[in-house]
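Chemist:
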Amino acid sequence: MLKKKELSINMGPQHPATHGVLRLVLELDGETVVKCTPHVGYLHRGTEKLGENRTYPMALPLTDRLDYVSSMSNNIGYCVAVERLLGIEAPARAKYIRTIMAELTRIANHIVWIATHALDIGAMTVFLYSMRDREWILDLYEMVCGARLTVTYPRIGGVRCDIDQEFMDSCYKFIEDFPKRIEEYETLIDQNRIWLQRTVGVGIISAADAINWGLTGPTLRGSGVAYDVRKAAPYDAYDQIDFEVPVGKNCDVYDRYRCRMDEFRQSISIIKQCLDKLPDGLVLASEAPPYDMPIGKPRVMPGHPMGEILPGELVEEKVPFDELYSATEVPKGELGFYFVNDGTARPYRMRIRAPSFVHASVLPKLCEGSLVADVIANIGTIDIVLGECDR
Amino acid sequence: MTPRAIAELIQSKFKPEVAEITEFGDQVSVLVNKTRILEIMSFLRNSSELYFDYLTDLCGVDYQGRKNERFEVVYHLRSILHNHCIRIKAAIPEKDCKIDSVVRIWAGANWHERECFDMYGISFTGHPDFRRILMPDDWEGHPLRKDYPLKSDLGEAEWKGFKEVLETVERNKKYEVR
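Here the protein sequences line up with chains A and B, keeping their order.
Take any residue in the first sequence, note its place counting from 1, add 441, and you have its number in the numbering used here.
Take any residue in the second sequence, note its place counting from 1, add 1334, and you have its number in the numbering used here.
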């Protein structure tokens, strides 16, 4: 009698469809995936440890390198968290500018996502069209801060510099023009028979499971759960803006794709409202920490002699520690920062809750039992960037 | 429910387990005893008025030099249904560096717990697939501990795996196509 043996193959770390350096060990029974084991950590740079050894303004550029296709959103997430921790209120104009930037980044991120996702599945034209459109957003970035990829444009307490009329005009033109571009993408793939066969009914995760696994962002909303940090715990100008949270209902790859396409339109509407309502005034709070923020001494309990705390000395004397968890909705999901602060300008603990890390962990759940070709569709649909996953 | 009310509810339900309730801004943390962590977490997950169905985050913190327990495992919980949240902290002493895993309650805790072990060396009993995640499997030490050096103390010394890499390169030379 013939013996049955599973074939185990490596997908990645160097594989064009794994969006970075993700390694999947797949055990196959014919074309069916029996077991899928993701291996991450190839891009681990120790961002949390580095952040704990830098002052708050100095750690800001590190957040660019997390999710490098939407660096602006990471910066904003970090700035919002530190502002809440240090009790700084950004001026209204800065909040609106940051909201515009966050939504431009959402569009840029989803453009990269649709480009690579479609390319993985086999629709190459979308890639070329969408890269053309992303260029415009990168030009807008360049206009405000001179950088295109790792921007570090927001600052703790506001933004680095004000936007000018040229930016406003170009931005208005962009939001007028972009809906036509979305229609172009949809013409290419929305009703395409191959696209439908590769996405409809693939990678199904129920709403209860999706919440249980900790999924966020469009990956969760594709399963019909309308959880969005912008609505649940608003930050910046989102509480003054009217927008909807698109949700899917079939919990599959196609519905998550539809969710992101609808988010394009919502983002455009948010940008338009922000540009129309943009208030005048300063863009940086007066109490914003300078770049060379003095480190200061740890807070001490009354009666404790002030001075440098030596290693081995009881840290307990310098409590209480402030603790704060702050979440923002980045294009991929919920980006959270958890700070423990001891009164100095350096976080005692900086924790980054990266959506990509959580999303990558759900891959075995999505892939096991499906065909090996669907693994590619599943990697694309959860929208991961390994720089953020490995931190 | 407000975070304060949730904390008081936990305290009334698990009186001897709750060590401390602290507040910062509008966020409340509850420091609990690690022995009954599974019971507390199941209550938070399943009780209909709390219903914390979403484990936002799980991480460790190292308070080196503190008189009582050195580590803390921090759980950030959120209820999508009721839109409220709470932070639970469990103190872990250095000598008994382990805690029960909550993967059975929230599947999403899986990788967070592995990362917490990787970075702090805290073991999670009952975890289905317990190994390092971000660092290589043969890594020594736990990088986010406060006594872990930021820079290498080896000075100019080579990475110990370097020799092995050179040997592999040498060995594979015969397969090179010229």
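Idealized CB from N, CA, C, for every residue including glycine.
On a predicted model such as this, the values are computed, not experimentally measured, just so you know.
1) Please confirm whether A:Glu749 has its beta-carbon closer than 8 Å to some beta-carbon of chain B.
2) If we count the other Cβ atoms within 10 Å of its Cβ and call it buried at 16 or more, is B:Ser1382 buried or exposed?
3) Answer yes or no: does any C-beta atom of chain B fall closer than 8 Å to that of A:Gly777?
4) Can you tell me whether DSSP reads A:Lys476 as helix, strand or coil?
5) DSSP puts B:Cys1393 in a beta bridge; with which residues?
6) Of all Cβ atoms in chain D, is any one closer than 8 Å to the Cβ of B:Arg1421?
7) Could you list which residues in chain B have their beta carbon closer than 7 Å to that of A:Leu765, in chain order?
8) For B:Gly1442, which residues of its own chain have a beta-carbon under 6 Å away from its beta-carbon, when the five flanking residues on both sides are left out?
9) Is the CB of B:Val1395 under 8 Å away from at least one CB in chain A?
10) For the beta strand (DSSP E) containing B:His1461, list its first residue and its last residue.
11) Tell me the rounded alpha-carbon separation between A:Phe619 and B:Arg1505.
12) Have a look at A:Val592 and A:Leu661 and give me their C-alpha separation to the nearest angstrom.
13) Tell me which residues share the same chain as A:Gly722 and place their Cβ nearer than 7 Å to its Cβ, disregarding the 5 neighbours each side in the sequence.
14) Any C-beta of chain A within less than 7 Å: which residues of the region 1456-1474 of chain B qualify?
15) Between the C-alpha atoms of A:Lys672 and A:Ala549, what's the straight-line distance to the nearest angstrom?
16) I'd like to confirm the pairing. Which residues does DSSP put opposite A:Met845 in its beta bridges?
17) From A:Gly784 to A:Asp693, what distance separates their C-alpha atoms?
18) Just reading off the alpha helix (DSSP H) that B:Cys1450 is part of, what are its end residues?
19) So B:His1476 contacts chain A; which residues on that side make the cut at Cβ distance below 9 Å?
20) Could you give the C-beta distance for A:Ser611 and A:Leu581, rounded to a whole number, given that I count them as a contact under 8 Å?
21) Could you check the C-alpha separation between A:Ile709 and A:Gly737 for me, to the nearest Å?
22) Using alpha carbons as the reference points, say which of A:Ala726, A:Asp717 and A:Asp669 lies closest to A:Glu704.
23) Pick from B:Leu1411, B:Ile1420 and B:Cys1431: whose alpha carbon is nearest that of B:Thr1356?
24) Which residue comes first and which comes last in the alpha helix (DSSP H) that contains A:Asn515?
25) Determine, for B:Tyr1385, whether the minimum Cβ-Cβ distance to residues of chain A falls below 8 Å.
26) Tell me whether A:Val600 sits in a helix, a strand or coil according to DSSP, three-state version.
27) Using the three-state DSSP reduction, which class does A:Glu468 fall into: helix, strand or coil?
28) If you reduce the DSSP assignment to three classes, tell me which class A:Ser767 lands in.
Modeler: Concretely, from the data shown:
1) Note that A:Glu749 scores a pLDDT of 46, beneath 50, so its modelled location is shaky; the value from the coordinates is reported in the next line. Closer than 8 Å: no.
2) exposed
3) yes
4) strand
5) B:Val1408
6) Among the protein chains of the structure shown, namely A and B, there is no chain D.
7) Phe1358, Gly1359 and Gln1361
8) Leu1389
9) yes
10) First-last for B:His1461: undefined, no H or E at that position.
11) 55 Å
12) 28 Å
13) Pro532, Ala533 and Arg534
14) Ile1467, Leu1468 and Met1469
15) 21 Å
16) Since the first residue shown for chain A is 442 and the last is 832, residue 845 of chain A is missing from the structure and cannot be characterised.
17) 47 Å
18) Ala1443 to Tyr1454
19) By Cβ distance, chain A contributes nothing, its closest Cβ being about 11 Å from B:His1476, past 9 Å.
20) 6 Å
21) 43 Å
22) A:Asp669
23) B:Ile1420
24) Ser512 to Leu527
25) no
26) strand
27) strand
28) strand
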